[in-house]
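Q: The structure is given below, and queries will be raised subsequently.
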Amino acid sequence: MRRTLAAAAVGAVVLLGGTLTANASDGSKRNDDHGGSSRTYEIALIGDMPYGDIGRAQFPRVIDEINADHGIAFTVFDGDIKNGSERCDQPPYDLAVKNFASFRRPLVYVPGDNEWTDCDRASNGGYDANERLALVRKMFAAKPYSLGRQTLKLDRQSSAFPENVRWQYGAVTYLGLNIPGSDNNAPQFDATGKQVDGDQTEYTVRNAANLDWLDKGFAAAKAAHSKAIVIVLQADMWTTEPTAHFADTKRKLAQLSIAFPGQILLVNGDSHVLKIDKPLTDANDQAIQNVTRVQTFGSAQNHWVSAEIDPRDPDVFTFHQHIVKANLPTYVSP
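To convert, note that position 110 of the sequence shown is 201 in this note's numbering; the numbers rise steadily by one, no gaps.
The following block contains the structure:
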């Protein structure tokens, strides 16, 4: 099912409706011919799946629909390969590798909190979050290209932060950053002042790297004369949960977006409800209107949304929701 979605007012929930080149070293194929800067194409946006047994049964149907849509150039996955109460043992990571490898076209993944920052929870197995992040980097960010049967060439920020990526596709510059929910893995304290979560050193170093990657990404977009920028991260930075440690990111995004002449799309997961809005504001609390946020489906809503990119359209982006019919629940009338 496809229905066009219009960008909504701040805070509103919207429920409206290449040529293959050389083989990669793992046997996949590179899709590095983007068909020119004026070509219209579509990308799939997903995240926060599979959650639990129901998610593991339903996620393959999402993958099948995306694979069957030949208008999709690639998919971006904005974090959370499992739910927040499941253990961070090896099987969920192995399943994610299997799932991502089943995408016919490229898939670019950015980490979510459920696969690293939250792994120190007792229910998650009491893992060291930094060790789980190292595992994520090793399994999903060790090569200079995307996941999927076909791949895209990716620029990775550094050996220290390989999960932060950039790529150019037609007239659009894409950035992926490791900015997870759970307040960006910053320290959290209880009423007595005791630290109960987070890691100050990890947060400080990664936050600085993320801000630098945003600067470099916008500079690269201007150098490429891009019509638009797409930024993919996991955190819902406007949730009701603690968000104080997203302030640097939002300030940097506001500064860079105001100075950028084109359109900007911010893609996040974390809250599991499809939302299209304009939550980023300036110093006077005015919505920065060249920035549109898409929050993807997830958790119990195993569907997907896509963005159609038309560089000849001043607005660049048109959005479509895709409801996987077989994943709908049985409704009970109130």
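Backbone N, C-alpha and C fix where the C-beta goes; we use that ideal spot for every residue, glycine too. For clarity, every value in this text was computed on a predicted model and none was experimentally measured.
Compute the beta-carbon to beta-carbon distance between T242 and S317, rounded to the nearest angstrom, for a pair I have assumed lies under 8 angstroms.
A: Counted from its first residue, the sequence shown places residue 242 at position 151. Counted from its first residue, the sequence shown places residue 317 at position 226. Incorrect: roughly 21 angstroms between the Cβ atoms, too far for contact.
Q: Report the three-state DSSP secondary structure of R297 (helix, strand or coil).
A: As a first step, residue 297 is located in the sequence shown; it is residue number 206 there, counting from the start. Helix at R297.
Q: Could you check whether P253 and D204 sit closer than 7 angstroms to each other, using their CB atoms as the reference points?
A: As a working mapping, residue 204 is identified with position 113 in the sequence shown. As a working mapping, residue 253 is identified with position 162 in the sequence shown. No, the Cβ-Cβ distance between D204 and P253 is not below 7 angstroms.
Q: Given this structure, state the Cα-to-Cα distance separating Q412 from W395, to the nearest angstrom.
A: For the purposes of this step, residue 412 is identified with residue 321 of the sequence shown, where counting begins at 1. For the purposes of this step, residue 395 is identified with residue 304 of the sequence shown, where counting begins at 1. Straight-line Cα distance between these residues: approximately 6 angstroms.
Q: Under the rule that 16 or more other beta-carbon atoms within 10 Å means buried, what is I349, buried or exposed?
A: As a working mapping, residue 349 is identified with position 258 in the sequence shown. So I349 ends up on the exposed side.
Q: Tell me whether the beta-carbon of L266 lies closer than 7 angstroms to the beta-carbon of G239.
A: The residue given as residue 266 occupies position 175 in the sequence shown. The residue given as residue 239 occupies position 148 in the sequence shown. Taking 7 angstroms as the Cβ cut-off, L266 and G239 do not qualify as a contacting pair.
Q: Determine the burial state of S390: buried for a count of at least 16 other Cβ atoms within 10 Å of its Cβ, exposed for fewer.
A: In the sequence shown, the residue the question calls residue 390 occupies position 299. Result: buried.
Q: Compute the Euclidean distance between the alpha carbons of P405 and K369, then round it to the nearest angstrom.
A: Locating residue 405 in the sequence shown gives position 314, where the first residue counts as 1. Locating residue 369 in the sequence shown gives position 278, where the first residue counts as 1. Cα to Cα, P405 sits roughly 17 angstroms from K369.
Q: What are the boundary residues of the alpha helix (DSSP H) that includes Y142?
A: Locating residue 142 in the sequence shown gives position 51, counting from the first residue. Taken as a continuous stretch (DSSP letters only), Y142 belongs to no alpha helix (DSSP H), as it is neither H nor E.
Q: Which whole runs of the beta strand (DSSP E) in the region 297–381 are 3 residues long or more, in chain order?
A: 319–323, 354–359 and 366–368
Q: Near Q248, what residues of its chain come up, given a Cβ to Cβ distance below 7 angstroms and the 5 sequence neighbours on each side ignored?
A: Position 157 of the sequence shown, counted from the first residue, corresponds to residue 248. Hits under 7 angstroms: N255, A300 and W304.
Q: Could you tell me which of P425, G143 and A326 sits nearest to V364, measuring between CA atoms?
A: Residue numbering aside, residue 364 sits at position 273 when the sequence shown is read from its first letter. The candidate whose alpha carbon is nearest that of V364 is A326.
Q: May I ask which residues mark the beginning and end of the alpha helix (DSSP H) holding A164?
A: Residue 164 sits at position 73 when you count from the first residue of the sequence shown. Premise fails: A164 lies in the beta strand (DSSP E), I163 to F168, not in any alpha helix (DSSP H).
Q: By how many angstroms is the C-alpha of F337 removed from the C-alpha of V199?
A: Here residue 199 corresponds to residue number 108 of the sequence shown, with the count starting at 1. Here residue 337 corresponds to residue number 246 of the sequence shown, with the count starting at 1. Distance between the alpha carbons of V199 and F337: 23 angstroms.
Q: Return helix, strand or coil for Y422, following the three-state DSSP convention.
A: Translated into the one-based positions of the sequence shown, residue 422 becomes position 331. Coil at Y422, not helix or strand.
Q: Considering only residues of the same chain and omitting the five flanking positions on each side of A417, which have a CB-CB separation below 6 angstroms?
A: As a working note, residue 417 is residue 326 in the sequence shown. Within the same chain, A417 has close Cβ partners R152.
Q: Taking A374 as the reference, which of K343, S362 and D401 has the closest Cα?
A: Working through the sequence shown from its first residue, we reach residue 374 at position 283. Among K343, S362 and D401, the Cα nearest to that of A374 is on K343.
Q: What is the residue span of the beta strand (DSSP E) that R228 lies within?
A: Locating residue 228 in the sequence shown gives position 137, counting from the first residue. Taken as a continuous stretch (DSSP letters only), R228 belongs to no beta strand (DSSP E), being part of the alpha helix (DSSP H) at A220 to F231.
Q: Comparing C-alpha positions only, which one of A135, D180, D274 and S250 sits nearest to K229?
A: Taking the first residue of the sequence shown as position 1, residue 229 is located at position 138. The residue with the shortest Cα to Cα distance from K229 is S250.
Q: DSSP beta-bridge partners for W395?
A: In the sequence shown, the residue the question calls residue 395 occupies position 304. Per DSSP, the beta bridge partners of W395 are H413.
Q: Would you say I355 and V382 are within 7 angstroms of each other, going by their C-beta atoms?
A: On the sequence shown, position 264 is the one that residue 355 refers to. On the sequence shown, position 291 is the one that residue 382 refers to. In this structure, V382 lies closer than 7 angstroms to I355 by Cβ.
Q: Quick check on the DSSP output: the beta strand (DSSP E) that includes V256 runs from which residue to which?
A: Mapped onto the sequence shown, residue 256 falls at position 165. Its beta strand (DSSP E) spans residues V256 to Y260.
Q: How would you label T340, buried or exposed, when you count the other beta carbons within 10 angstroms and need 16 or more for buried?
A: Residue numbering aside, residue 340 sits at position 249 when the sequence shown is read from its first letter. Its Cβ being crowded by 16 or more others within 10 Å, T340 is buried.
Q: Find the nearest neighbour of A345 within the set L302, A314 and G360, judged by alpha-carbon distance.
A: Within the sequence shown, numbered from 1, the residue matching residue 345 stands at position 254. The shortest C-alpha separation from A345 is found at L302.
Q: Report the residue from T331, S397, T372 and P402 whose alpha carbon sits nearest the alpha carbon of I414.
A: Along the sequence shown, one-based indexing puts residue 414 at 323. That would be S397, whose Cα lies nearest to the Cα of I414.
Q: Is DSSP giving K244 helix, strand or coil here?
A: For the purposes of this step, residue 244 is identified with residue 153 of the sequence shown, where counting begins at 1. Here K244 sits in strand by DSSP.
Q: Out of curiosity, what's the CA-to-CA distance linking A148 and A378?
A: Here the question's residue 148 lines up with position 57 in the sequence shown. Here the question's residue 378 lines up with position 287 in the sequence shown. Roughly 39 angstroms separates the two Cα atoms.
Q: Tell me whether T331 is buried or exposed, calling it buried when 16 or more other Cβ atoms sit within 10 Å of its Cβ.
A: Taking the sequence shown and counting its residues from 1, the one referred to as residue 331 is at position 240. Classification of T331: exposed, given that the 10 Å Cβ count is below 16.
Q: Let me confirm a value: G284 is counted as buried when at least 16 other C-beta atoms fall within 10 Å, else exposed. Which label applies?
A: Looking up residue 284 in the sequence shown gives position 193. Exposed, because fewer than 16 other Cβ atoms sit within 10 Å of the Cβ of G284.
Q: Per DSSP, A267 forms a beta bridge with which residues?
A: Residue numbering aside, residue 267 sits at position 176 when the sequence shown is read from its first letter. Here residue 267 turns out to be Gly, not Ala, going by the sequence shown. Looking at the DSSP assignment, G267 forms a beta bridge with V256 and V323.
Q: Compare the Cα-Cα distances from K58 to each of N190, N158 and A319 and report the closest residue.
A: With the chain represented from 92 up to 425, any question about residue 58 goes unanswered, as that position is not in the structure.
Q: Take G138 as the anchor and find which of I145, T166 and R130 has the nearest alpha-carbon.
A: Locating residue 138 in the sequence shown gives position 47, where the first residue counts as 1. Of all alpha-carbon atoms in I145, T166 and R130, the one lying nearest the alpha-carbon of G138 is that of T166.
Q: Taking the alpha carbon of Q386 as the reference point, which residue from A164, G170 and A335 has its own alpha carbon closest?
A: Working through the sequence shown from its first residue, we reach residue 386 at position 295. When only C-alpha atoms are compared, the closest one is G170.
Q: Rounded to a whole number of angstroms, what is the C-alpha to C-alpha distance between Q279 and R223?
A: Translated into positions along the sequence shown, residue 279 becomes position 188. Translated into positions along the sequence shown, residue 223 becomes position 132. Cα to Cα, the separation comes out at about 19 angstroms.
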